[in-house]
Structures are given as structure tokens and as C-alpha cells.
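I have placed the structure first, in the form of C-alpha cells, so that the comments after it can refer back to it.
There are 2 protein chains.
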Amino acid sequence: MNIPQSSFPRIVIIGGGFGGIALAKKLANKDVQVVLLDKHNYHNFQPLLYQVSTGGLEPDSIAYPIRKVLQGYPNFYFRLAEVVQIDPKHKIISSSIGDISYDYLVVATGSETNYFGNKNIEENSMAMKTIPQSLNLRSLILENFEQALLTDDLHERDALMNFVIVGGGPTGVELAGALAEIKKGILPKDYPDLDTRRAQINLVQGGDRLLPAMSKIASSKAEKFLEKLGVNVWKDIRVTDYDGKHITTDTDISFEAITLVWAAGVQAVRIEGLDVDELLTRGNRLKVNAYNQVIGHEAIFAIGDVAQMETEAYPEGHPMMAQPAIQQGQNLGQNLVRLLDGKPLRPFTYKDKGSMATVGRNKAVADLKRIKFQGVFAWFVWMFVHLFFLIGFRNRVVVFINWVYNYVRFDREARLIIRPFKKQYQSVKNKVADSIAAD
Amino acid sequence: MNIPQSSFPRIVIIGGGFGGIALAKKLANKDVQVVLLDKHNYHNFQPLLYQVSTGGLEPDSIAYPIRKVLQGYPNFYFRLAEVVQIDPKHKIISSSIGDISYDYLVVATGSETNYFGNKNIEENSMAMKTIPQSLNLRSLILENFEQALLTDDLHERDALMNFVIVGGGPTGVELAGALAEIKKGILPKDYPDLDTRRAQINLVQGGDRLLPAMSKIASSKAEKFLEKLGVNVWKDIRVTDYDGKHITTDTDISFEAITLVWAAGVQAVRIEGLDVDELLTRGNRLKVNAYNQVIGHEAIFAIGDVAQMETEAYPEGHPMMAQPAIQQGQNLGQNLVRLLDGKPLRPFTYKDKGSMATVGRNKAVADLKRIKFQGVFAWFVWMFVHLFFLIGFRNRVVVFINWVYNYVRFDREARLIIRPFKKQYQSVKNKVADSIAAD
């Protein structure tokens, strides 16, 4: 890996997400050698992926080069690599670019879509956890309408214009709201020769309310907002199968849709080598102690989505969101320094800053520590909080400009099929050349 | 194709480039039915593609949805389709979405990279004529440096950091300049553990000067600018072969490079059905008369790169650039209306607004009608001209913001490998899912 041996202990961080980046920043200019590994060369701001899928933001504005985050820190080494296995015994990890030894290892690999073992759904549905996935969804949505123009078969056309989103968490709610606004504000103008009133957005939630992690008032308000926007909200329904067109559920309700977005669950990204049963929870998360130390592994830590710290307040571990990851990264950063200084470690305590979800224009719900509110103000708070946590000044400005433009013009201009998703829209001529340009 | 029959004559435009869009705008609300076909759903601003390849601009800011250009015009129909063949006898074209009849046909298919029949170069080199191609190049450049970090073989490392650009036209000059600035300003910060001084940018020109279409003073000044930036400029050298690493030329000079960007020539995109020998020129362009009417085809017109109008001033046809395409599109739009009104057509006269090329920060060359100038002022003029011709208010603002940021910060932040180009950087796990997301 060509990383020089240093007199400082080597801390290897796997993953440049919220947790990994927060940790890395805390280790800047400390007496440690930091090696950050990620399979992408950028940090990606997942909470805004749904806006990429719906043409509201350009993908590059919510991504930030990891090397730029680490610029100027002499003790930092970034490598573009996919970690395959951990060997705790010899303190070595094996990766796509070879083996690397560590003194301390921090697993911050985050989470991936969880299909709960349903292969059909995994193969035929769309996910929205990465930028390429979000761009694929953007292409598919636009291709569906281009194709709907070509068919005289009304059932086919309706299936092309039917968007079924499974999962009533923030991702599902925000995507459903954005699609509803596109249906209302953009489709009639872009497709005057298509009856886009027939387009449908169906949000399917297994539980008895949307945004189950939030307050009841937030849930019911979000539902009201969505219904106002014309989204069909289905509760207490679990999707059981999908063949690319027919969606079956555990009730007698079924859907015909070319597009199913699966936002019904996530699981921690698992790395081989540590998967001792007592360590892994149902969601593949690693059990950690109050210092994010993986149980039974002195030198291995886990933070963020991949870590399950069971506390009184959170018996199932902290929510798999940005905040716990950031705070755990910061706390671990300080603890690693204390550890090397021989000082006692400080247990992690989660400061819940509350949670928010936006449904659409002037429509958001917010549960803050002391106050819960919904509507226009919540929507503005949501925007400024997201701008604040977005990494990079240029990104903030560009995202802000886009939001202002979209708000004033009721528009989302990135309606571009840059990399066609459906085979029939891929140029035969360039297929060979560009088909390798995947992720 | 589900396009309603109308009492108005149907004008089919193939291609939503500069020419096609300019023509379509002139036909707004006229007594014609306009059908615009393009294999992409967006217009792309080719002059700025090199900034996408070098991370200076986000791809979405130089693309614009064609449907938005046509919004609000009741007589417009856009279809996402690749035209396969023209049948002039029956006035029908066949496309990827079926046949369509026309009363008048306008071929505005533009140009593509010309490899002059060299299959090795075509297979192993990078082109920069489309957004996906430019993004592939962006990925490859970044992947090269990530890989250079991993090898101890100095020859291999040098080959990874050697960028050979073939073709001394605007594209080659602008790309070379941008890469040189990245080498100077960004690489040392991003790759402190790599000796990026060894990175090389070689610009190979077959002729005896760069920018042969511009004035001698522009050529020599551009060359001075490039050499000041550390670009190796090679003249009177023709690249003869490339196997992916070894570049041979018609001299005893050769290069070892993993990246060869082929900007040495373009040819008109050819559509079957019209390719009668006397119609086609060396560059596949269709011979047209002063009204852009394809010789021998009353109802078929060609504009822009694909049209060769031989005049005294331009015996080989007009330059294959945006301006002739835009002006021919506008003139043809007016002529088609006159034609339908039974009025005589007006011959096309090209108003040469001059040409410009930018080499880098504060460095550009401009040949305007009455005045030729180089340096800072030319650079500002270049920027404002390009902002002006960029389609879309939001695009202009976002591009402007990026330029200001890049200028003030000596930075280019879109250093993102969103879709890895090299196989080894493509996630095995997502390969199946994402490899279809090509162009």
C-alpha cells in the first residue's frame, strides 16, 4: 500500500462517511498516523440523495472529495480501496489493494439497503443509498415517461407512470413528496401530449404510521402533507414480492408498477473476520461498549450505522442516522488521543438534536429537543440545518442557489438522462465504451 | 410514435444540438408541427466539456433538458430516439422507436470523434465529445493518481501520470491547460505522498502550429501560455498507434502513457439512406446549397457540423463549431416559414463572430472581427461569451459561481469518481446493478 512506517501508532479508518470524516478531523495533527480507506474517493451527503433522484440537485454538489477534507494534514493517508477482511489476530486487514497493518482499527462502513433476503425485490427494485443508485433512479423515472408516450396500451402506460415507494421513513416520505411535486409542477409542462394526471405515487409503509422514529404529531402531519400533495399513503401493508411489474403484498392490495423504490430497511455493511455471532445483531451491527470498542476486541472500534451501542435510552443501539455517527466519530477521536496519552476514556453520550423530514415546498416536520413543529418554519429550519451540515463552501452555495431557483421557479432542472438505465435507451454504438463506466 | 396528425406540415429535426435548438426556437408558434428527435433528453454545451473532465464544472450545469427548451409551444413534440435510416422516397425515417413520416426533414446530428480508421486508437483512447465520455475521462484521470500511489515501479507510475492529448485544436489546448493547472495547484495538495512533479502533460499536434483555425499570433501565444504552464507541446508529429500504454508516432518520438485523449479530428454523424457518394465529403458532411438544402433533396435540409456549404469564403464548408450551427438553424427556421408562405428563400451568410480559446487562469486568445488580443482580457471575454451562450439561467448562475470559486480558491472541487472507469475500481457487488447504467 506504500504507506510509510511511522513512529506514531497507525489508526486505520474504514469508511469516509459522517463518522469516518468526523473522526479523521479530530485526529488532525495529533501524534498518530491516520489511514482512511473508502471505496469511493468522495464523501457523499446521503440525506439529500432523494433530491438527486428527482432532479433538484446535481450529484456533484452533495459529494465532496475525501482528499480535500484531509488536505494539509501531514499524518493522513487516503487510499481508494474496498476492505475485504479483518484479521484481528495479526492486526491486518486485506483489501482490494492489498494488506495493511494497523495498531487501531475503526470500522465506519455505514449501512446498505436491506432486502430481508427477498432476491426478487433486490433484483427488480431501485435503491437510493449511493449517488450512482440515485442517478439510476433519476434516469429510470425520466425514461418511464419517455416510454409512456410511445405506448397505446393504457395498462402499460399506467404501470410506467406508477411509482411505488416502499418504506415510510424519511427517505420514503421525502422521495414521495418530491415526486408528487414533479407530477404537479413539471410533468404537465414537459409532457403536454401525455395525460400525466394518471401518474401515481404510492407510499407503502409496513407499520401503522409514517416516520415511526419521530413523534406521533410529526407522523400524522407528514401523512396529511403527503395526501395534500396527492400521494397515496398505505399503512400496515408489507410488500411481499415484485417481478419488475407486479407488486404483491401481505394483503389483497397489489400494484402494477415499473418502478419500485425500496426504502424499507438498511443493514450495516458487514466485513468478514469479525462476524462472531455474539458480536452481530439482527441488522449486522457490531456490538460495541460505551467507548465504541467492539466487544472482545481491544484495538477495534466501530462507529455510526455499523455500531450497536446498547444503552438504557437506546436498548437497540442509536438510530442509524448522521448525528450519532458524527458524535461517535468526534468522541472516539478524542478517546483515541486520550488512550495514547494513557488517560481514561470517556463514555459516549448521545446528544439528540432531534430529527426532521421534509415533505415538500413549505412542508416539513421537526421534532426538536423541547419543541415539535411542522410546516413552513420547519421547512426553512430543515434547509438551513442541511446546508450547515453539508461539507464544503462551494457545495453549500451551489445547493443554496439550486434551492432558491427551484423554490422561485417551481422547477427542478436536472432532468437529465446522462447514463441511461434501461437497456433500450443505451446507445448501441457507445455501449461497449461506456458500459464499463459503472459503479 | 404517437404523434398526432396535424393540419400543419410536419418538420422533423434530428438532433438537439446548437443547430437543432436554434431552429426549433425559430419555429415556435408557427403554422408547422415540429418533431425534435435526439438520443439524449438534454442539450449539451460541448465547449465546456473539458471543464467537466477536469473537475471544474458539474456535468449537469452544462446540460439542459430539451423538453424545457420546448415548454409551452403547442406545436412541438420531442421524442427520445436514435434515428437509424432516412427514406427520402417515402419521406419516412426509421428510428429506435419506430418509423415517422415528415414533410420536411432537418438533419442536425452534429459530429463525432474521427479516428481516421485507426481501430487501436479508437479502442484504447479517450474521447471528449459527450458528457458520459467526459465523466469517464474525469474518473480515469483520478484513478490514475490513486493507482500511481500503489506501485513501486517508477515506469508504471510515470505512465499513469503521463497525459498525452492528441490534437492542437481548442479542445486539446483547453484540456492541456486545465490539466497543467491541476498538476500545479491541486495534485501536490491532494497527493502529498506522491511525487506529482513527475506528472506530464503532452500535447501532440500534427500540424506546424496549435489552433490552426485561428491567427498565427493566437497560435504562438497559446503555445507560450501552455509552455509557461509546463505543458510539453509537440508539433509536426502524428500519432500512429496506441495499445493502451505505448504511443508510437511518425517520428522517432514515442510516449508511455495510460491516458491518451484523442482530440485530433471529428466527422459528421452519418445516417444511412442519404449516403450517395456525391453527397458525402471526406468528413461525412452532407453537401448543401445556400439554403442548407441537401443537394438533390428538396425536402431535406442539413445544418451545423453535418452540413457542408461550399462558399467562396469557405470552400470546404463552414467551421464545425457552435456559431455556424446556430446561425444556420436560425436562417433555416426563417426560410422554412417563408417556404410555406410561398416566399423566396434567403441564402445563408455566415457572420463570423471570431473564435476564442482559453488556456488557463487569465490566459486566453481571441481573434475577433477587427481585433486580436490575448491574455487576461481575452480570458474574461471568453468567460462571459460562454456564460452568455450557455442555455438556462440556473446553469449560468451555477457555472458562474463555480468559476468564481475556482478562480478565488485555485481549486476544482468536482474531483469525483462517481462512475469508476477502470474495472478494478468498480465495486464487484454493485457491478451487475450499475454496469447497465452506461450511455
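Top line first, the protein sequences correspond to chains A and B. Taking UniProt numbering, the leading residue of the first sequence gets 1, the next gets one more, and so forth. Taking UniProt numbering, the leading residue of the second sequence gets 1, the next gets one more, and so forth. Heads up, the beta-carbon is just placed ideally off N, CA and C, and yes, glycines get one too. Please read these numbers as outputs of a predicted model, since none were measured by experiment.
- DSSP, read as helix, strand or coil, puts residue 99 of chain B in strand.
- The beta carbon of residue 331 of chain A lies closer than 6 Å to those of 348 in the same chain, with the five residues before and after it left out.
- Counting only runs that start and end inside the region 125-206 of chain B, the beta strand (DSSP E) elements of at least 3 residues fall at 162-166 and 200-204.
- The C-beta of residue 197 of chain A comes no closer than 8 Å to any C-beta of chain B.
- Not a single CB atom of chain B sits nearer than 8 Å to the CB of residue 178 of chain A.
- Taking a cut-off of 8 Å on C-beta distances, the region 407-427 of chain B does not touch the region 390-399 of chain B, as fewer than three cross pairs fall below it.
- Contact annotation: residue 266 of chain A and residue 111 of chain A have beta-carbon atoms nearer than 8 Å.
- Shown here, residue 222 of chain A sits in a helix according to DSSP, grouped into three states.
- By the Cβ neighbour-count rule, residue 61 of chain B is buried, with 16 or more other Cβ atoms within 10 Å of its own.
- Interface annotation for the region 68-85 of chain A against chain B: 68, 71, 72, 74, 77, 79, 80 and 82, criterion Cβ-Cβ distance under 8 Å.
- For the alpha helix (DSSP H) assignment, the region 255-325 of chain B encloses no uninterrupted run of at least 4 residues.
- Listed along chain B are 58, each with a C-beta nearer than 7 Å to that of residue 61 of chain A.
- For residue 42 of chain A, the chain B residues whose C-beta falls within less than 9 Å of its own C-beta are 415, 416, 417 and 418, listed in chain order.
- Chain-ordered, the chain B residues with CB closer than 7 Å to the CB of residue 193 of chain A read 77.
- Looking at the backbone, the Cα of residue 359 of chain A and that of residue 48 of chain A are separated by about 13 Å.
- Contact annotation for residue 115 of chain A against chain B: no contact, minimum CB-CB distance about 12 Å [criterion: below 8 Å].
- Rounded to the nearest angstrom, the gap between the Cα atoms of residue 256 of chain B and residue 148 of chain B is 14 Å.
- Three or more Cβ pairs closer than 8 Å define a contact, and the region 79-89 of chain A meets that threshold against the region 271-285 of chain A.
- When DSSP states are grouped into helix, strand and coil, residue 330 of chain A belongs to the helix group.
- Of all residues in the region 126-146 of chain B, only 127, 130, 131, 132, 133, 135, 136, 139, 142, 143 and 146 come within less than 9 Å of chain A when Cβ atoms are compared, listed by chain position.
- In the DSSP assignment, residue 49 of chain B falls outside any beta strand (DSSP E) and within the unbroken alpha helix (DSSP H) covering 49-53.
- In the structure shown, residue 391 of chain B adopts coil according to DSSP, grouped into three states.
- Here the alpha carbons of residue 316 of chain A and residue 346 of chain A stand approximately 21 Å from one another.
- When 8 Å is used as the limit between beta carbons, residue 30 of chain B is near no residue of chain A, the shortest such separation being about 17 Å.
- For residue 80 of chain B, no alpha helix (DSSP H) encloses it; the enclosing beta strand (DSSP E) starts and ends at 76-80.
- Interface annotation for the region 381-400 of chain A against chain B: 392, 393, 394, 395, 397 and 398, criterion Cβ-Cβ distance under 9 Å.
- For the set B/29, B/14, B/18 and B/54, the Cα lying nearest the Cα of residue 38 of chain B is the one of B/14.
- Taken in chain order, the members of the region 1-30 of chain A whose beta-carbon sits within less than 8 Å of a beta-carbon on chain B are 1, 2, 3 and 4.
- Annotation for residue 360 of chain B: the continuous beta strand (DSSP E) segment containing it runs 355-360.
- In the DSSP assignment, residue 28 of chain B falls outside any beta strand (DSSP E), carrying neither H nor E.
- Our two residues, residue 67 of chain B and residue 78 of chain B, have alpha carbons roughly 7 Å apart in a direct line.
- Closest by C-alpha distance to residue 368 of chain A, out of A/73, A/28, A/172 and A/354, is A/354.
- Between residue 352 of chain B and chain A, the shortest Cβ-Cβ separation is not below 8 Å.
- The beta carbon of residue 92 of chain A lies closer than 6 Å to those of 99 and 101 in the same chain, with the five residues before and after it left out.
- According to the DSSP secondary-structure assignment, residue 119 of chain B is paired through a beta bridge with no residue.
- With respect to chain A, the C-beta atom of residue 160 of chain B has no partner C-beta closer than 8 Å.
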